[in-house]
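Report on one structure; see the data block that follows.
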Amino acid sequence: MDTVAPGASVPCLPRLGQPAPGFQAETTHGTLRLEDFKGGWLILFSHPADFTPVCTTEFIEFARIAPELRRRGVELLGLSIDSTYSHIAWVRNIEQHFKVTIPFPVIADLNKEVATLYGMIMPGESKTETSRCVFVIDPNQIIRAMIYYPLTTGRNMAEILRLVDALQTTDKHGVATPANWRPGDQVIVPPPKTIEAAAERAKTPGIVCTDWYFAKKDLPK
Amino acid sequence: MPCVKPDGTLEPMAQAIIRALRSPRTAEGVCEHLRLPLYRVRSTMRELAEAALVAETNGVYALTDTGRTRVEALP
Numbered sequence: 001m002d003t004v005a006p007g008a009s010v011p012c013l014p015r016l017g018q019p020a021p022g023f024q025a026e027t028t029h030g031t032l033r034l035e036d037f038k039g040g041w042l043i044l045f046s047h048p049a050d051f052t053p054v055c056t057t058e059f060i061e062f063a064r065i066a067p068e069l070r071r072r073g074v075e076l077l078g079l080s081i082d083s084t085y086s087h088i089a090w091v092r093n094i095e096q097h098f099k100v101t102i103p104f105p106v107i108a109d110l111n112k113e114v115a116t117l118y119g120m121i122m123p124g125e126s127k128t129e130t131s132r133c134v135f136v137i138d139p140n141q142i143i144r145a146m147i148y149y150p151l152t153t154g155r156n157m158a159e160i161l162r163l164v165d166a167l168q169t170t171d172k173h174g175v176a177t178p179a180n181w182r183p184g185d186q187v188i189v190p191p192p193k194t195i196e197a198a199a200e201r202a203k204t205p206g207i208v209c210t211d212w213y214f215a216k217k218d219l220p221k
Numbered sequence: 001m002p003c004v005k006p007d008g009t010l011e012p013m014a015q016a017i018i019r020a021l022r023s024p025r026t027a028e029g030v031c032e033h034l035r036l037p038l039y040r041v042r043s044t045m046r047e048l049a050e051a052a053l054v055a056e057t058n059g060v061y062a063l064t065d066t067g068r069t070r071v072e073a074l075p
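These protein sequence lines map, in sequence, to chains A and B.
Note that the numbering used here has the first sequence beginning at 1, numbered continuously upward.
Note that the numbering used here has the second sequence beginning at 1, numbered continuously upward.
In structure tokens form, the structure reads like this:
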């Protein structure tokens, strides 16, 4: 088991609801800063390494959902501990073999600076590669969701789209979303916080109230 | 500075942006005008500002005298 020496600093990992750690990084689209994405949503994701099969399938699928994400005001930003030259060669290779253009920038994080800031390296899996992490960052650059997958398991793009839809629906309508929610499904009305509001809940028009704490409603079309 | 090549010439995106700045615009305005992602415009504008080709005042970017000369010299 890894131990931390007394007095050694432990990197503070990002947390939901807190500002995303700022960075400036070399990417396949030039030097970018986190603040360059301010005002829009950002999905920052890491992959273990260029020219590896699972990562290649993921890049192809991220490219496929990129137009859907852009329609939702979301940009993609990839990252791995590889050089810009490696990224460029891999992106060109994907285009050559799979006829898929990678439209998003990829951070060349050779010094692991951004990976460390975001806790993307899981030493139990690999000390030299980033795991499959996804950070959904909102227009105010607050971390709104995080997904961590192991090296062996490719991510589910439908879930990433669903997650973005759920977060944006929450922001727009002040509601929560139930398990397996999809756009068009009923949403959860936040539970009442006072005894009076709980008593009123069952009488509120336009909601399906199973009990005072469990109520759903349709969103306007 | 990726938008300025080692020989001092500008990358195509930087050329397009300084052409667009013949009329001063915000980063969002350039983005809309050129149909580019906002992050690309912001990062390129930052480098153009570091190269003293554009200057920003209250969120509006305009060509400097050097920038104007550079635009006029573009093919």
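C-beta atoms are modelled at their ideal positions from N, C-alpha and C, and glycine is treated no differently.
Just so it is clear, the structure is predicted and the values come from calculations on it, not from any experiment.
Exposed or buried, residue i, counting other C-beta atoms within 10 Å across all chains shown (16 or more means buried)?
i	result
I102 of chain A	buried
E75 of chain A	buried
P220 of chain A	exposed
G30 of chain A	buried
D65 of chain B	exposed
G78 of chain A	buried
I160 of chain A	buried
I142 of chain A	exposed
R70 of chain B	buried
S43 of chain B	buried
M1 of chain A	Per-residue confidence for M1 of chain A stands at a pLDDT of 46, beneath the threshold of 50, marking its modelled position as unreliable; no derived number is given.
T153 of chain A	exposed
E72 of chain B	exposed
A202 of chain A	exposed
D82 of chain A	buried
A63 of chain A	buried
A20 of chain A	buried
To the nearest angstrom, how far is the alpha carbon of residue i from that of residue j?
i	j	result
H97 of chain A	P205 of chain A	56 angstroms
M45 of chain B	C31 of chain B	11 angstroms
P191 of chain A	Y213 of chain A	5 angstroms
E95 of chain A	F59 of chain A	11 angstroms
R15 of chain A	R68 of chain B	46 angstroms
M120 of chain A	L163 of chain A	20 angstroms
G17 of chain A	L74 of chain B	47 angstroms
A145 of chain A	D7 of chain B	44 angstroms
L48 of chain B	T170 of chain A	38 angstroms
E196 of chain A	L21 of chain B	59 angstroms
E28 of chain B	P12 of chain B	19 angstroms
F51 of chain A	T84 of chain A	13 angstroms
I188 of chain A	G174 of chain A	10 angstroms
R155 of chain A	E61 of chain A	9 angstroms
N180 of chain A	D165 of chain A	12 angstroms
Q15 of chain B	G40 of chain A	25 angstroms
A115 of chain A	I207 of chain A	44 angstroms
Y61 of chain B	I107 of chain A	27 angstroms
Y118 of chain A	C133 of chain A	9 angstroms
K172 of chain A	A215 of chain A	18 angstroms
P67 of chain A	P37 of chain B	12 angstroms
For the alpha helix (DSSP H) that residue i lies in, which residues bound it at each end?
i	result
H88 of chain A	The sequence given here has Ile at residue 88 of chain A, not His. Note, I88 of chain A: alpha helix (DSSP H), T84 to F98.
D50 of chain A	Taken as a continuous stretch (DSSP letters only), D50 of chain A belongs to no alpha helix (DSSP H), as it is neither H nor E.
V114 of chain A	E113 to L117
Using a C-beta to C-beta distance shorter than 7 angstroms, which residues of chain A count as neighbours of residue i?
i	result
R40 of chain B	H29
P37 of chain B	E75
C3 of chain B	G30
Residue range of the beta strand (DSSP E) that residue i falls in?
i	result
A52 of chain B	Careful: A52 of chain B lies outside any beta strand (DSSP E) and carries neither H nor E.
Q24 of chain A	Q24 to T27
Q106 of chain A	Note that residue 106 of chain A is Val in the sequence shown, not Gln. Per DSSP, V106 of chain A belongs to the beta strand (DSSP E) from V106 to A108.
D36 of chain A	Looking at the DSSP string, D36 of chain A is not in any beta strand (DSSP E), and its letter there is neither H nor E.
T210 of chain A	V208 to D211
A62 of chain B	V60 to L63
A215 of chain A	F214 to K217
Counting only C-beta atoms, is residue i closer than 8 angstroms to chain C at any point?
i	result
L79 of chain A	Absent from the structure: chain C. Protein chains present are A and B.
Whose Cβ in chain B lies nearer than 8 angstroms to the Cβ of residue i?
i	result
F270 of chain A	With chain A covering 1 to 221 only, the question about residue 270 of chain A has no answer from this structure.
Does the beta-carbon of residue i, which I'm using as the reference point, lie nearer than 7 angstroms to any heavy atom of the ligand FMN?
i	result
E72 of chain B	No copy of the ligand FMN appears in this structure; indeed no ligand is present at all.
Which bits of chain B does residue i rub up against, with CB to CB less than 7 angstroms?
i	result
G40 of chain A	L38
Under 9 angstroms between beta-carbons, which chain A residues line up against residue i? List them in chain order, please.
i	result
S23 of chain B	Simply none; closest approach about 22 angstroms.
Which residue spans inside the region 129–178 of chain A form an unbroken beta strand (DSSP E) run of at least 3? 132–137 and 143–149
Report the residue ranges of all alpha helix (DSSP H) runs contained in full by the region 3–44 of chain B; include only those spanning at least 4 residues, in chain order. 12–20 and 27–34
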